[in-house]
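Residue numbers (the working numbering), protein chains in the order written: chain Z, 470 to 821; chain Y, 2 to 297; chain U, 7 to 298. Yeah, the Cβ is synthetic: ideal placement off N, Cα and C, and Gly gets one too. Fair warning: this is a prediction, and the values are worked out from it, not measured in the lab.
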Amino acid sequence: MAEIHLQGVSKVFDRTVAVDDVELHIDDGEFMVLLGPSGCGKTTLLRLLAGLEYPNRGRVRIGDTDVTDLPPRRRDLAMVFQSYAVFPHLRVYDNIAFGLRMRKLDRAGMRQRVERAAALVELGELLDRYPSQLSGGQRQRVAVARAIVMEPAVLLMDEPLSNLDALLRLTFRAQLKELVAELKTTTIYVTHDQVEALSLGDRIAVMDRGRIVQCDTPGRVYSEPASRFVGAFIGNPPMNFLTGQVHGNGGRTTVTVAGHALEVAGTPDGERDGEVLVGIRAENIRIEVEPFPDALQARTRVVEPLGSHLLITADIGEQPIKVSAPADFPAHPNRSLWLGFDPAKVRVFGPG
Amino acid sequence: MASATAVTGKGDTRRRLGWAPYALLAPSLVYLALFFALPMVNAFGLAFQGDAGGYSLEPVRRMLGDERFGDALTTTLLLVVIIVPIQFAVAMGMALVVNARLKGTDLWLYVFALPLGISELAAGIVWFSVFTEQGWLNSLLTQLGVLDRPFIFLDYQRPVLLILTIVVAEAWRATSIIMVILVAGLQGIPRDYLEAADVFGATAWQRVRHVILPLLKPSIRVALILRTILAFQVFATVIALAGSTTNVLAGEAYRWYSTLRDARVAAAYATLILVLSVVSTVLFLLLLPTEEDRPA
Amino acid sequence: MTAAEQARVEPGPMARPGRNPAARRRRQVRALTYAAAVLLSLFVLVPIYLITVTAFTPREVSYEFPKPFIPGTVSAETVRFFAGSTGVLAALWRSVVVAALTLVLSTLLGAPAGYALARYAFRGKSAYRLLILSTRAFPIVILSIPLAVTFITWGIYDTTYSVALMHTGLALPFTILITSSIFVSVPRELEEAARTLGCTPLGAFVKVVLPLALPGLAAAAIFTFVLSWNEVFAAVILTLRQRTLPALVLAALNTSPLPFRFAAAWFMLAPSLVVIFVIRRYLLGLWGRVAR
Numbered sequence: 470m471a472e473i474h475l476q477g478v479s480k481v482f483d484r485t486v487a488v489d490d491v492e493l494h495i496d497d498g499e500f501m502v503l504l505g506p507s508g509c510g511k512t513t514l515l516r517l518l519a520g521l522e523y524p525n526r527g528r529v530r531i532g533d534t535d536v537t538d539l540p541p542r543r544r545d546l547a548m549v550f551q552s553y554a555v556f557p558h559l560r561v562y563d564n565i566a567f568g569l570r571m572r573k574l575d576r577a578g579m580r581q582r583v584e585r586a587a588a589l590v591e592l593g594e595l596l597d598r599y600p601s602q603l604s605g606g607q608r609q610r611v612a613v614a615r616a617i618v619m620e621p622a623v624l625l626m627d628e629p630l631s632n633l634d635a636l637l638r639l640t641f642r643a644q645l646k647e648l649v650a651e652l653k654t655t656t657i658y659v660t661h662d663q664v665e666a667l668s669l670g671d672r673i674a675v676m677d678r679g680r681i682v683q684c685d686t687p688g689r690v691y692s693e694p695a696s697r698f699v700g701a702f703i704g705n706p707p708m709n710f711l712t713g714q715v716h717g718n719g720g721r722t723t724v725t726v727a728g729h730a731l732e733v734a735g736t737p738d739g740e741r742d743g744e745v746l747v748g749i750r751a752e753n754i755r756i757e758v759e760p761f762p763d764a765l766q767a768r769t770r771v772v773e774p775l776g777s778h779l780l781i782t783a784d785i786g787e788q789p790i791k792v793s794a795p796a797d798f799p800a801h802p803n804r805s806l807w808l809g810f811d812p813a814k815v816r817v818f819g820p821g
Numbered sequence: 002m003a004s005a006t007a008v009t010g011k012g013d014t015r016r017r018l019g020w021a022p023y024a025l026l027a028p029s030l031v032y033l034a035l036f037f038a039l040p041m042v043n044a045f046g047l048a049f050q051g052d053a054g055g056y057s058l059e060p061v062r063r064m065l066g067d068e069r070f071g072d073a074l075t076t077t078l079l080l081v082v083i084i085v086p087i088q089f090a091v092a093m094g095m096a097l098v099v100n101a102r103l104k105g106t107d108l109w110l111y112v113f114a115l116p117l118g119i120s121e122l123a124a125g126i127v128w129f130s131v132f133t134e135q136g137w138l139n140s141l142l143t144q145l146g147v148l149d150r151p152f153i154f155l156d157y158q159r160p161v162l163l164i165l166t167i168v169v170a171e172a173w174r175a176t177s178i179i180m181v182i183l184v185a186g187l188q189g190i191p192r193d194y195l196e197a198a199d200v201f202g203a204t205a206w207q208r209v210r211h212v213i214l215p216l217l218k219p220s221i222r223v224a225l226i227l228r229t230i231l232a233f234q235v236f237a238t239v240i241a242l243a244g245s246t247t248n249v250l251a252g253e254a255y256r257w258y259s260t261l262r263d264a265r266v267a268a269a270y271a272t273l274i275l276v277l278s279v280v281s282t283v284l285f286l287l288l289l290p291t292e293e294d295r296p297a
Numbered sequence: 007m008t009a010a011e012q013a014r015v016e017p018g019p020m021a022r023p024g025r026n027p028a029a030r031r032r033r034q035v036r037a038l039t040y041a042a043a044v045l046l047s048l049f050v051l052v053p054i055y056l057i058t059v060t061a062f063t064p065r066e067v068s069y070e071f072p073k074p075f076i077p078g079t080v081s082a083e084t085v086r087f088f089a090g091s092t093g094v095l096a097a098l099w100r101s102v103v104v105a106a107l108t109l110v111l112s113t114l115l116g117a118p119a120g121y122a123l124a125r126y127a128f129r130g131k132s133a134y135r136l137l138i139l140s141t142r143a144f145p146i147v148i149l150s151i152p153l154a155v156t157f158i159t160w161g162i163y164d165t166t167y168s169v170a171l172m173h174t175g176l177a178l179p180f181t182i183l184i185t186s187s188i189f190v191s192v193p194r195e196l197e198e199a200a201r202t203l204g205c206t207p208l209g210a211f212v213k214v215v216l217p218l219a220l221p222g223l224a225a226a227a228i229f230t231f232v233l234s235w236n237e238v239f240a241a242v243i244l245t246l247r248q249r250t251l252p253a254l255v256l257a258a259l260n261t262s263p264l265p266f267r268f269a270a271a272w273f274m275l276a277p278s279l280v281v282i283f284v285i286r287r288y289l290l291g292l293w294g295r296v297a298r
């Protein structure tokens, strides 16, 4: 259990800047998720924390120690790899005990800790098997047990669920959350799956091209994205973005989209007069078949019944928009629709 | 950024040093320099060295003027030109058999690969025992009634026949080298391509011609280059089957070195073999361009 | 009948086994493939059988005509005659020594280089790789003659060490490429995991990579042994009195009696039968992957 501090960390490979001047503070016991598309630098950042790469600039502190120049084995951390990296030539027991053996723990103490860790991930019966005799899900649990048995100050996880099938992923996600909460270890978790990030993290650091563009609680990252990138990346379906105009008007600022004025809570950032991007999520749009005051007219293009609700793709003028509607909403392609945006949920961004 | 001290992480220094790979490579490089590069340079030196030291074309002239030279050159070239295509066809057959994954593929692979571990000398003697006048082939043919008297296959007065026996022996011995490379190449062809061809109506032969062969081109090229270079060095097989009546380049190099005690002419022969190897490699690279050679 | 009922009653051409032209063709191809497999196998095996017969029948059989395809008497006389001939046992031993030395030396020099190629990205990597690949294009012939001259100057001509040195040079590119592909097949993440669990980089290599790479490395080592065991040209150029087995046999070939030759061939041949069987699973990796 320790807090982590990354200060001005940069990493360059050949000519590519993988991590660009990153500043991050993680509290003791916090579950921090690094989220972003492939190539955004999240895995590199994790490896910098692990000591598998060394930064070109910046310092890394774990607890009170500056670990920037230390190799992985001196950093009091443990890591779960995306491919699990379970040693094929060792039994499950020896896999889990590997790190403890390196520390030259006594036989009895080792056995106790291994069995406890195995029990936590429900591997108690499989200790004598070889990895080749295990399923993917079981191997993943070996990787987790191997890490938690070390009782590290910091736990690092590199997309540990991405190689599992969809059903397992769901189950494991919940089990993982429970396990980590029980252990209370500071955890850094890398993923490209925004659902995982929202469900697991105490805070999410969204990364794009080597930089952290927003670091906030899941709730705020979802409803108050700091940029178009974050809004589009988080949420399924992604946030809708419409071009609009902002007018300064004495004390009040108005935003118009397709000729209609919108009420917007809070001041938009950017130019006083000019083009802006208006962001609104599919589920925050009021949808009717008859016009209502201040409604925007749209034309239905595609109707996707998703069981619990409908996902309607419509056009406001030339601009596409996705709207969630109740499952029994009378939607038909080419029908006219009237839409209203919940002013509390509208976000305005500078253009582009 | 709060930090006032200019911070360059260990990553910088570590990357600059990065000496580990070079340290690991160094011994091999030194060894190769000593036992590959140096001898090669010396070979050229020897081949062009005069009696009194110093540069001279004397060894080359002696080589070219030797009565056996023409024979050695033509025989070697003939052998290469005949052996390589035959071996290639047989190896391709073997490779396709292995790739067909019939019952007992392990067994077929083992059998086909057996000759990999057999030296050319042993192979030559084995086929000598087959082709010699009182050998197995004659035994079979007379017992079957095809021949009344044993036929002299290894007849030094019929060089064509001798060459054919050498071709057979070499084909037997060295086909596995090509086969293994082709099998590895075949296994690298994704099944999807073949299945797609099947779905679009291709027969087995069409699949081979239009899907397998083109995708196999890199392996084919490597196999051809390697086998051709090895073929230029044919040596012990010839001696085992034909004694000293048939001459090949490597055999002449040996003769000049040990019997005639002239290392320089031997080196000249060796240089000629090298030149032929390089030329043929370049030819293959030009005639069989693969995807990687085309400019991006 | 409606179309649906009709479809249910009438099985299509694919459903009738044996009547389907495509299935028939497939079976024909299969039969042909089996036939080819058998023929090719006979081509490889029969000569080996024949030389074994010659080696394990009494001496007279070497001169006998017609030769007995099924041997009448089985006897180790020919083989014993060969083994007892002057210098044969010593040459046999020398071949073993040279091959062993080659194995050790080429592994010691080649495996680290292979590891470097497998794990590191560094400047000059592709140049080094190309260099190694191109050494395969160089004939032994051109190396052994000048080396013979050099060894004479160094005073180590006509020794087992000199032959081993030459053979190592031959085997080294091969070893480097093989070990490189073997190390590549051990995922880098395994080493990294070991390093996060308390191992030094060397420790991770010894505890994780080596156990997994060992079978492949052993196969490569065995193959190097066979390479050296079979090598004729360099051996016969570099030795005079301290001949290895192939060199001895070649030098004496045309003046030696038939039983001698045949037994010699069998002796040179026999180890490979066992060796190829032992390493058959690695053969494709060894030879196939070396080709780029």
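Within 9 Å (strictly less), CB to CB, does residue i reach chain Z?
i: alanine 200 of chain U; result: yes
i: valine 296 of chain U; result: Legend: pLDDT at valine 296 of chain U = 46, less than 50; position of this residue unreliable, value from coordinates given subsequently. Answer no: the Cβ-Cβ gap between valine 296 of chain U and chain Z never drops below 9 Å.
List the residues of chain Y that residue i touches, going by C-beta distances under 7 Å, in chain order.
i: tyrosine 69 of chain U; result: Gln135
List the residues of chain Y that residue i touches, going by C-beta distances under 9 Å, in chain order.
i: asparagine 236 of chain U; result: Gly118, Ile119, Ser120, Glu121, Leu122, Ala123
Locate the beta strand (DSSP E) running through residue i, then write down its first and last residues.
i: proline 795 of chain Z; result: 788-795
i: lysine 511 of chain Z; result: Note, lysine 511 of chain Z: premise wrong, no beta strand (DSSP E); alpha helix (DSSP H) at 511-519.
i: tyrosine 658 of chain Z; result: 655-660
i: valine 215 of chain U; result: Looking at the DSSP string, valine 215 of chain U is not in any beta strand (DSSP E), and its letter there is neither H nor E.
i: proline 265 of chain U; result: No beta strand (DSSP E) holds proline 265 of chain U; the alpha helix (DSSP H) holding it covers 264-284.
i: glycine 743 of chain Z; result: 743-749
i: serine 479 of chain Z; result: 473-482
Just the C-alpha distance for residue i and residue j, rounded to the nearest angstrom, thanks.
i: valine 491 of chain Z; j: tyrosine 553 of chain Z; result: 27 Å
i: glycine 125 of chain Y; j: valine 50 of chain U; result: 14 Å
i: glutamate 237 of chain U; j: leucine 256 of chain U; result: 11 Å
i: serine 120 of chain Y; j: alanine 170 of chain Y; result: 11 Å
i: leucine 250 of chain Y; j: arginine 174 of chain Y; result: 20 Å
i: histidine 716 of chain Z; j: aspartate 742 of chain Z; result: 5 Å
i: glycine 748 of chain Z; j: asparagine 709 of chain Z; result: 5 Å
In terms of residues, what are the limits of the alpha helix (DSSP H) holding residue i?
i: tyrosine 23 of chain Y; result: 21-33
i: aspartate 107 of chain Y; result: 106-114
i: phenylalanine 810 of chain Z; result: It is not in any alpha helix (DSSP H) - phenylalanine 810 of chain Z instead sits in the beta strand (DSSP E) that spans 805-810.
i: glutamate 665 of chain Z; result: 663-669
i: leucine 288 of chain Y; result: 264-288
Can you pull the chain U residues whose beta carbon is under 7 Å from the beta carbon of residue i, in chain order?
i: histidine 558 of chain Z; result: Pro217, Leu218
i: tyrosine 111 of chain Y; result: Ile282, Phe283, Arg286
i: serine 552 of chain Z; result: Pro193, Glu195
In chain Z, which residues lie less than 7 Å from residue i when you measure between Cβ atoms?
i: glycine 204 of chain U; result: Arg542, Gly568, Met571, Arg572
Name, please, each residue of chain Z whose Cβ falls closer than 9 Å to the Cβ of residue i.
i: leucine 149 of chain U; result: Here the premise fails: no neighbours, minimum Cβ distance about 38 Å.
Taking C-beta pairs closer than 8 Å, name the residues in chain U that residue i reaches, listed in chain order.
i: phenylalanine 710 of chain Z; result: Result: empty, since nearest Cβ-Cβ is about 39 Å, beyond 8 Å.
Using a Cβ-Cβ distance under 9 Å, would residue i count as near chain U?
i: proline 60 of chain Y; result: no
i: isoleucine 164 of chain Y; result: no
Measure from the C-beta of residue i to each C-beta in chain Y and report whether the shortest distance is under 9 Å.
i: threonine 141 of chain U; result: yes
Taking Cβ-Cβ distances shorter than 8 Å, what residues in chain Y pair up with residue i?
i: threonine 39 of chain U; result: Leu97, Val98, Ala101, Leu103
Contact list for the stretch 119-134 of chain Y against chain U, Cβ threshold 9 Å: Those would be Ile119, Ser120, Glu121, Leu122, Ala123, Ala124, Gly125, Ile126, Val127, Trp128, Phe129, Ser130, Val131, Thr133, Glu134, in chain order.
Within 8 Å of chain Y by C-beta, residues of the stretch 206-226 of chain U in sequence order: Per Cβ criterion, the list is empty.
Within 7 Å of chain U by C-beta, residues of the stretch 30-55 of chain Y in sequence order: Result list: Tyr32, Leu33, Phe36, Phe37, Pro40, Met41, Asn43, Ala44, Leu47.
The stretch 86-97 of chain Y: positions lying closer than 9 Å to chain U by Cβ: Cβ contacts with chain U come from Val91, Gly94, Met95, Leu97.
Proximal residues, the stretch 516-531 of chain Z versus chain U, C-beta separation under 7 Å: The residues in question are Ala519, Leu521.
Positions along the stretch 181-197 of chain U whose CB lies within less than 7 Å of some CB in chain Z: Of all residues in the stretch 181-197 of chain U, Pro193, Glu195, Leu196 have a Cβ within less than 7 Å of some Cβ in chain Z.
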